[in-house]
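Colleague: Residue numbers (the working numbering): 758 to 1373. This is the structure I want to talk about, given as structure tokens.
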């Protein structure tokens, strides 16, 4: 159908004004050579009779031949037409005016359903070649991408879907969309260098063509595997300096120092490994304790910058049902609460404990069940010696911020230098570190510890909480091994094997922290010693809080606060039972000082060697 334009010439009504590449149609037709069925037949190695059979026809426009390719639905009804105007070039194809693209080959879908498999390709000619070999295929229209609402419904009945990658080896928009589709778990990627030009393979190996395709089915990888592999390759290029380093933890410490953090080497290493355990089934929960103004929150915030945003979710406070109603996904993430006092209710404590232990929260409200999945790690800070909720505390490893005179001096000196040099804003780059952790999340995250049994045999098991703490020890060792996986042995199952260095590093970081969970704290030890000294000097069987405050040179309120912990643990006893009467403080049960839980690396290696000798 034609109509007259302003100049009286015939103008084609059925073609778009511009090609897919934006050039005017009149310009394209003026400079193109056109294409006939015979030319297309020779180019693709497909019989003319076959091309006609699948609906391809020749059309003359401005005395030039072009080919009409029908896009039909499942019932064989033509919904749109696409036109091939020449064999080569960027502007080979144009759509019919106002055409609504759809999957090419839907009229062949019943054959795919019957055979229970289909190959997704990138262009019509690949589809046609596969059909010629009796292989079911569908094409996503060129110039568009996968549209879930439009396309997925047609493939839901097909169990096996193969995606044939053409010239683009990366993760393009079509592949990315397919990875989110309802059919993504059925898709496998066909990889073979010959597939980059299916027509060439068909022309050169016509007798072997079908066998080559079917052979590729056996080695096809899932779409998820393919995308992860391609993403890993890209991330590796950005982070290879870190990935291949022999000591990533020291590299991290040097980098964080350059970005302004002073000291705290032990703490930042511990936090880095703990946050890395988000990749495991049992993340290591941590609380950082220390006096006010020691920079706990600043240290935590500095370490978090080395992790991608999807690794953690940070809060300064939370209502009792905030975790339930949050839209955030907590799976394989850390929830970071910058002050433990922000946990404002016993109910929130219960939710946190449930998410840590059970790895899931199920909360029913108004007849609906809200589910929040883990595994989830928790990280918080506190000025107290321990967390308020004792049940939750046993699920955390305590780290201590440095409040030594040396650390105070180093911080003050760093601030002085900054002021001396001026307060211009520094611009830092965390790009390669973020890429490293994104690469890590797509890499080997399973680990094995060959010396785990020997470690267990030497571990102090006097206290029952070691049952939980040993999991944290294993995961921190595993985290150190996993981040150094390029320099660790990996077995045939893809499991990273921890070595001696992994234990030695973790021992230095958490040995004292673990001991502190069953040993008395430094402040408890000091105040018990002071009470003992006062009782000995006064030769009395008890001492009042007022007298103890005078001896220590502090106010009574400070003494009262410092006595809470040793009294709760039974190290100090108040013999006065009457309310409103002055306390009568005396010594309770023996204080537990410096209890060692883990064996030193030297002791562990010697034990392992001894066992080897006995076996001989």
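Even glycine gets a Cβ: it sits at the ideal position worked out from N, Cα and C. Note that the structure is predicted; figures quoted are calculated from it, not measured.
(1) At a cut-off of 7 Å, would you count residue 813 as near the ligand COA, judging by its Cβ distance to the nearest heavy atom?
(2) Where does residue 958 land, buried or exposed, given buried means 16+ other C-beta within 10 angstroms?
(3) Thinking C-beta only, is residue 947 closer than 8 Å to residue 986?
(4) Determine the direct distance from the alpha carbon of residue 891 to that of residue 904, and round the result to whole angstroms.
(5) Would you say residue 1131 and residue 1084 are within 8 Å of each other, going by their C-beta atoms?
(6) Are the CB atoms of residue 797 and residue 824 nearer to each other than 8 Å?
(7) Using alpha carbons as the reference points, say which of 1004, 1318, 1164, 1141 lies closest to residue 1244.
(8) Taking the C-alpha atoms as reference points, what is the distance between residue 792 and residue 800?
(9) Tell me which residues share the same chain as residue 1183 and place their Cβ nearer than 6 Å to its Cβ, disregarding the 5 neighbours each side in the sequence.
(10) Report the start-end ranges of each alpha helix (DSSP H) in the stretch 910-990 that is 4 residues or longer and not cut off at the edges.
(11) Please report the straight-line C-alpha distance between residue 989 and residue 1200, rounded to a whole angstrom.
(12) Counting pairs of beta carbons, one from the stretch 997-1011 and one from the stretch 1224-1244, are three or more of them closer than 8 Å?
(13) Residue range of the beta strand (DSSP E) that residue 839 falls in?
(14) Looking at C-alpha atoms only, which residue of 852, 1357, 1195 is the closest neighbour of residue 1212?
(15) Out of curiosity, what's the CA-to-CA distance linking residue 1273 and residue 1152?
(16) Once DSSP output is grouped into helix, strand and coil, what is the label at residue 852?
(17) Please determine, among 1019, 1266, 1163, 1127, the residue with the shortest C-alpha to C-alpha distance to residue 1175.
(18) Since residue 1323 sits in a beta bridge, which residues does DSSP pair it with?
(19) According to DSSP, is residue 1045 helix, strand or coil?
(20) Compare the Cα-Cα distances from residue 1337 to each of 1308, 1301, 1371 and report the closest residue.
(21) If we define contact as Cβ-Cβ less than 8 Å, is residue 1253 a contact residue for chain D?
(22) So residue 1369 is in the alpha helix (DSSP H); what residue range does that whole segment cover?
(23) Run through DSSP, which three-state label would residue 764 get?
(24) With H, G and I counted as helix, E and B as strand and the rest as coil, what does DSSP make of residue 1104?
(25) Rounded to the nearest angstrom, how far is the Cβ of residue 1391 from that of residue 931, given a contact under 8 Å?
(26) Quick check on the DSSP output: the alpha helix (DSSP H) that includes residue 1189 runs from which residue to which?
(27) Do you know how far the Cα of residue 855 is from the Cα of residue 758?
(28) Between 1133, 1246, 878, 1305, which lies nearest to residue 1038 when the distance is taken from Cα to Cα?
(29) Using DSSP bridges, identify the partner residues of residue 1134.
(30) When the Cα atoms are used, what is the spatial distance from residue 1193 to residue 1040?
(31) Under the three-state reduction of DSSP, which class applies to residue 829: helix, strand or coil?
(32) In whole angstroms, what separates the C-alpha of residue 1073 from that of residue 1206?
(33) Taking the Cβ atom as the reference point for each residue, do residue 968 and residue 940 lie within a distance shorter than 8 Å?
(34) With distance defined between alpha-carbon atoms, name the residue in 1335, 1303, 1345 nearest to residue 1322.
(35) Between the C-alpha atoms of residue 1029 and residue 1017, what's the straight-line distance to the nearest angstrom?
Modeller: Taking the structure as given:
(1) As presented, the structure is devoid of all ligands, the ligand COA included, so that no description of it is given.
(2) Taking the chain shown and counting its residues from 1, the one referred to as residue 958 is at position 201. The residue in question, residue 958, is buried, as its Cβ has 16 or more Cβ neighbours within 10 Å.
(3) Against the chain shown, residue 986 aligns to sequence position 229. Against the chain shown, residue 947 aligns to sequence position 190. Cβ atoms of residue 986 and residue 947: not closer than 8 Å.
(4) Stepping through the chain shown from its first residue, residue 904 is reached at position 147. Stepping through the chain shown from its first residue, residue 891 is reached at position 134. In a straight line, the C-alpha of residue 904 is about 27 Å away from that of residue 891.
(5) Here residue 1131 refers to the residue found at position 374 when the chain shown is read from its first residue. Here residue 1084 refers to the residue found at position 327 when the chain shown is read from its first residue. Taking 8 Å as the Cβ cut-off, residue 1131 and residue 1084 do not qualify as a contacting pair.
(6) Counted from its first residue, the chain shown places residue 797 at position 40. Counted from its first residue, the chain shown places residue 824 at position 67. Their beta carbons are under 8 Å apart, which means residue 797 touches residue 824 by this criterion.
(7) By one-based count along the chain shown, residue 1244 stands at place 487. Among 1004, 1318, 1164, 1141, the Cα nearest to that of residue 1244 belongs to 1004.
(8) For this step, residue 792 is matched to residue 35 along the chain shown. For this step, residue 800 is matched to residue 43 along the chain shown. Roughly 11 Å between the two C-alpha positions.
(9) Looking up residue 1183 in the chain shown gives position 426. None.
(10) 930-936, 955-961, 966-976
(11) The residue labelled residue 989 in the question sits at position 232 within the chain shown. The residue labelled residue 1200 in the question sits at position 443 within the chain shown. About 8 Å.
(12) yes
(13) Counting from one through the chain shown, the residue named residue 839 turns up at place 82. Where residue 839 is concerned, the enclosing beta strand (DSSP E) stretches over 835-841.
(14) Stepping through the chain shown from its first residue, residue 1212 is reached at position 455. Minimum Cα distance to residue 1212 is reached at 1357.
(15) Position 516 of the chain shown, counted from the first residue, corresponds to residue 1273. Position 395 of the chain shown, counted from the first residue, corresponds to residue 1152. So the two alpha carbons sit approximately 14 Å from each other.
(16) As a first step, residue 852 must be located in the chain shown, where it is residue number 95. If DSSP states are grouped into helix, strand and coil, residue 852 belongs with the strands.
(17) On the chain shown, residue 1175 is found 418 positions in, with the first residue counted as 1. Nearest C-alpha to residue 1175: 1019.
(18) In the chain shown, residue 1323 corresponds to position 566, counting from 1. None; residue 1323 has no bridge partner.
(19) Indexing the chain shown from 1 puts residue 1045 at position 288. Reduced to three states, the DSSP call for residue 1045 is strand.
(20) Taking the first residue of the chain shown as position 1, residue 1337 is located at position 580. Of the listed residues, the one whose Cα sits closest to residue 1337 is 1301.
(21) Here there is only one protein chain, and chain D is not present.
(22) Numbered from 1 along the chain shown, position 612 holds the residue referred to as residue 1369. First-last of the alpha helix (DSSP H) with residue 1369: 1358-1372.
(23) Within the chain shown, numbered from 1, the residue matching residue 764 stands at position 7. At residue 764 the pLDDT is 38, less than 50, meaning the model places this residue with poor confidence; the figure from the coordinates comes in the next sentence. Three-state result, residue 764: coil.
(24) Indexing the chain shown from 1 puts residue 1104 at position 347. Looking at residue 1104 - three-state DSSP - the assignment turns out to be helix.
(25) The question about residue 1391 has no answer here: the residues shown for the chain are numbered 758 through 1373.
(26) Reading the chain shown from its first residue, position 432 is the one you call residue 1189. Looking at the DSSP string, the run of the alpha helix (DSSP H) that includes residue 1189 is 1188-1198.
(27) The count along the chain shown starts at 1 and reaches residue 758 at position 1. The count along the chain shown starts at 1 and reaches residue 855 at position 98. Residue confidence is low: residue 758 scores 37 on pLDDT, short of 50, so the model does not pin down where it sits. No coordinate-derived value is stated.
(28) To locate residue 1038, count along the chain shown from 1; it is residue 281. Closest by alpha carbon: 1133.
(29) As a first step, residue 1134 must be located in the chain shown, where it is residue number 377. The partner list for residue 1134 (beta bridge, DSSP) reads 1091.
(30) On the chain shown, residue 1193 is found 436 positions in, with the first residue counted as 1. On the chain shown, residue 1040 is found 283 positions in, with the first residue counted as 1. Their Cα atoms are separated by approximately 19 Å.
(31) For this step, residue 829 is matched to residue 72 along the chain shown. The answer is strand: DSSP assigns residue 829 an E or B state.
(32) On the chain shown, residue 1073 is found 316 positions in, with the first residue counted as 1. On the chain shown, residue 1206 is found 449 positions in, with the first residue counted as 1. For residue 1073 and residue 1206, the distance between alpha carbons rounds to 37 Å.
(33) Position 211 of the chain shown, counting from 1, holds the residue named residue 968. Position 183 of the chain shown, counting from 1, holds the residue named residue 940. No. Outside cutoff.
(34) Position 565 of the chain shown holds residue 1322. Per the Cα distances, 1345.
(35) By one-based count along the chain shown, residue 1029 stands at place 272. By one-based count along the chain shown, residue 1017 stands at place 260. Going from the Cα of residue 1029 to the Cα of residue 1017 covers about 17 Å.
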